[in-house]
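>
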Amino acid sequence: MKTDTATATKCRKFFGHGIPRVKLEELAGKLIVMEGADGSGRSTQIARLVEWLETSGHATVQVGLKRSSLVSSELEKAQEGNILSRTTLSLFYATDFADQLENIILPALKAGFIVLADRYIYTLMARDMVRGMDEAWLKNIYGIALEPDAVFYLSLEPEELVQRNLSKSAALDYWESGMDLGLSRDMFDSFVKFQSSMQAAFRRLQKTYDFTIVDANRSVDSVTKQLRKEIRALLDAE
Amino acid sequence: MKTFAELNFPGRLIAVEGLDGSGKSTQIYLLKRWLEAEGIKVYFSSWNSSELVKSATSKGKKRELLTPTTFSLIHATDFADRYERHLLPLLRAGYIVLCDRYVFTAFARDVTRGCPPDWVRGIYNFAAQPDLTFFFKADLEVSLNRILEGRPKLKFFEAGMDLRLSSDPYESFRIFQGRILEQYMAMSKEFNFIGMDANQNVEKQQAILRKIVGEKIELSKFKRRSPLPLPPAFPLDPAKEAEEDMAA
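Set out below in structure tokens:
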């Protein structure tokens, strides 16, 4: 069994104080996180993993940013008008995350499900760091989060991300381009700058948090193959 | 925690804290009326009132979706929105900002709900300390009676029913408010609360409040440069007016 990667069996723990009254030893399932920018292939890979896991007899649940029943619609609406200041935006996302953590992730893990998270606290922290928020402040807030069993970061150069996003929808997303930061009035430039800063933030986070960097500049099949191999090792380690 | 004055803001922030039913909202309202009448630039903000966040909070409360963690975070979101979009710019512009509840409400309530104190304080560490914080302390029974008389039906979270202190909402409310009061008392010194005896009558409390505010803040500095425009005292066009009179 490998012990030097994120897929090695770990002791269950929260990053900080966690959620009161949760018994960690009861969380029998696995929490697997897929990180990466839009266009890095996260959702494709998750769909493929779900297919594979369920066919192999594992129950799965999916979570992702802005999917909580508590605040997702309000957050969406606020973002449309772009009237949120950065602390508010950050706390809004933290609320969205906490709601899913307590109402979906933890109960599913307790029931022995494999939870696939389409992004987790790392994206939230990286974005906020790029927006100039205090790292210690963020770490305190996300002390509520559970450490995943595995984190895969699908890494792709910003130039390649641009190509993929444009070929998919012929447009770049406002927020994924970091347009709120005023890096450049040119969306293309802003996207490249913002995504480069995001990568730098992820590299910084990787020093503290353990995640597996997956080279996403390959065929979809070959990425899936690597992910399956790592996840199988994790499941077999039981 | 530094005050706005210590941070060299031109404006000043005054907060009132206390249990539900302590009469603090009445007092800060009367303070606002006084300051307005004095021609001072004043703005009032109440807890949990951000237009952006309110619908999520009330949905969460109605459907009893909130846990101590999300309860805390959603109120912090609400506060941050008001703080960054309203309070800070107004304080930069030299306003006297009045807050019905401030971060201390979260410190007291969220900790009573079981959130770790350091975590809660960490979340709110972007907020500066009010220049004056009045803590309205009434006997617990007095506060409880005021609330229970006015609104016989207690709401789920208001009564602290999520803490399962008692299956009876009234009993739960009593225990919950008692614990919040303990939290307030414990931080009173650290944050320089000015204690107000909320058992006294409204007029007496207001007189004390105005006196202290007048002593601690040089109010003349916060006057509007030009008075608010008054409605015209005489018809703008006397000829037209006369015509209308004739027609009538």
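Chains as they are written, first to last, in the working numbering: chain A, 141 to 378; chain B, -17 to 230.
Just so it is clear, CB atoms sit at the ideal spot from N, CA and C, and this is done for glycine as well.
These numbers were taken from a predicted model, which means no experiment stands behind them.
#1: What three-state label does DSSP hand B/Met178 in the structure shown?
#2: Starting from the beta carbon of B/Ala105, find every residue of chain A whose beta carbon is closer than 9 Å, and list them in chain order.
#3: If you pair each beta-carbon of the segment 342 to 358 of chain A with each one of the segment 293 to 309 of chain A, do three or more pairs fall below 8 Å?
#4: Taking DSSP as the reference, what is the three-state secondary structure of B/Phe26?
#5: How about B/Trp29 and B/Arg83: do their beta carbons lie closer than 7 Å?
#6: With a threshold of 7 Å between beta-carbons, can B/Ser37 be considered close to chain A, or not?
#7: Going by the DSSP bridge assignment, what does A/Tyr293 pair with across the sheet?
#8: Under 7 Å, do A/Met338 and A/Val255 count as touching if we go by C-beta distance?
#9: Could you work out which residues of chain D lie near B/Pro98, taking near to mean beta carbons separated by less than 7 Å?
#10: Residues of chain B with CB under 7 Å from A/Val162, in chain order?
#11: Distance cutoff 7 Å, beta carbons only. Does A/Asp239 sit that close to anything in chain B?
#12: Any beta carbon from chain A within less than 7 Å of B/Gly42's own beta carbon?
#13: For B/Ala109 versus B/Val85, is the C-beta spacing smaller than 7 Å?
#14: Do A/Ala234 and B/Leu55 come within 7 Å of each other at the CB atom, strictly closer than that value?
#15: Who are B/Gly0's beta bridge partners in DSSP?
#16: With a threshold of 7 Å between beta-carbons, can B/Asp144 be considered close to chain A, or not?
#17: Under 7 Å, CB to CB, which of the residues in the segment 44 to 72 of chain B have a partner in chain A?
#18: Label A/Leu312 either buried or exposed according to how many other C-beta atoms from any shown protein chain fall within 10 Å of its C-beta, with 16 as the threshold for buried.
#19: Does the distance from the CB of A/Thr364 to the CB of B/Ala62 come in under 7 Å?
#20: With a cut-off of 7 Å, does the C-beta of B/Leu34 fall near any C-beta of chain A?
#21: State buried or exposed for B/Ala58, treating a residue as buried only when at least 16 other CB atoms are found within 10 Å of its CB.
#22: Can you check which of these residues, A/Ala199, A/Phe232, A/Glu194, is closest to A/Val211 by C-alpha distance?
#23: For the pair the segment 241 to 251 of chain A and the segment 271 to 290 of chain A, tell me if three or more CB-CB distances fall below 8 Å.
Let's see:
#1: In the three-state reduction of the DSSP assignment, B/Met178 falls in the strand class, which pools E and B.
#2: According to the sequence displayed, residue 105 of chain B carries Ile and not Ala. Result: Leu231, Ala234, Trp277, Asn280, Ile281.
#3: The count of Cβ pairs closer than 8 Å, one atom from the segment 342 to 358 of chain A and one from the segment 293 to 309 of chain A, reaches three, so the stretches are in contact.
#4: The DSSP-derived three-state label of B/Phe26 is strand.
#5: Yes, the Cβ-Cβ distance between B/Trp29 and B/Arg83 is below 7 Å.
#6: It does: the Cβ of B/Ser37 has a partner Cβ on chain A nearer than 7 Å.
#7: DSSP, once it has assigned bridges, lists A/Glu175, A/Ile353 as partnering A/Tyr293.
#8: Not in contact: A/Met338 and A/Val255 (Cβ atoms no closer than 7 Å).
#9: Going by chain labels, chain D is absent from the structure shown, which instead holds the protein chains A and B.
#10: Against chain B, the beta carbon of A/Val162 has no neighbour under 7 Å; the closest one sits roughly 11 Å away.
#11: Among the CB atoms of chain B, one or more fall inside 7 Å of the CB of A/Asp239.
#12: By this cut-off, B/Gly42 is an interface position.
#13: Judged by beta-carbon spacing, B/Val85 lies within the 7 Å limit of B/Ala109, meaning their Cβ atoms are closer than that value.
#14: Note that the C-beta distance between B/Leu55 and A/Ala234 is below 7 Å.
#15: Answer by DSSP bridge pairing, in chain order: B/Phe118.
#16: No, B/Asp144 does not count as interfacial toward chain A.
#17: Answer in chain order: Leu47, Thr49, Pro50, Thr51, Thr52, Leu55, Ile56, Ala58, Thr59, Ala62, Asp63, Glu66, Arg67.
#18: Burial check for A/Leu312: the Cβ neighbour count within 10 Å reaches 16 or more, so the residue is buried.
#19: Taking 7 Å as the Cβ cut-off, A/Thr364 and B/Ala62 do not qualify as a contacting pair.
#20: Residue contact check for B/Leu34 against chain A: a CB pair falls below 7 Å.
#21: Label assigned to B/Ala58: buried.
#22: Comparing alpha carbon positions, the residue from A/Ala199, A/Phe232, A/Glu194 closest to A/Val211 is A/Phe232.
#23: Three or more Cβ pairs drawn from the segment 241 to 251 of chain A and the segment 271 to 290 of chain A lie within less than 8 Å of each other, which places the two stretches in contact.
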